[in-house]
Amino acid sequence: MAMNAFFDFIKNSLHFDVTMTQLKDKISRLRKKFENHMKGKKRRKQGLQQTA
Numbered sequence: 010m011a012m013n014a015f016f017d018f019i020k021n022s023l024h025f026d027v028t029m030t031q032l033k034d035k036i037s038r039l040r041k042k043f044e045n046h047m048k049g050k051k052r053r054k055q056g057l058q059q060t061a
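Okay, so the sequence shown: first residue is 10 according to our numbering, each after it adds one.
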């Protein structure tokens, strides 16, 4: 139910039509990309601490 409300909210903000499936897929990909970025950032930080 919450996804439907979110979908309706976002749909009004977009300048093109999307399906709920497309929106779910896009959010999933962005979330995965963000998580991978944060993991890499954490690894780089740990690597710098080990070399210091």
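Here a beta-carbon is modelled for each residue, glycine too, at the ideal position from N, C-alpha and C. It should be emphasised that the depicted structure is a prediction, and the values quoted were computed from it without experimental measurement.
Residue interval of the alpha helix (DSSP H) (run including residue i)
i, result
"residue 25", "No alpha helix (DSSP H) contains residue 25, which DSSP labels as neither H nor E."
Contact under 8 Å by Cβ, residue i with residue j
i, j, result
"residue 39", "residue 19", "no"
"residue 29", "residue 16", "yes"
Check: residue i C-beta below 7 Å from any heavy atom of the ligand PLP
i, result
"residue 17", "With respect to small molecules bound, the structure shown includes none, and the ligand PLP cannot be examined in it."
Cβ neighbours of residue i in the same chain (closer than 6 Å, five flanking residues each side left out)
i, result
"residue 14", "none"
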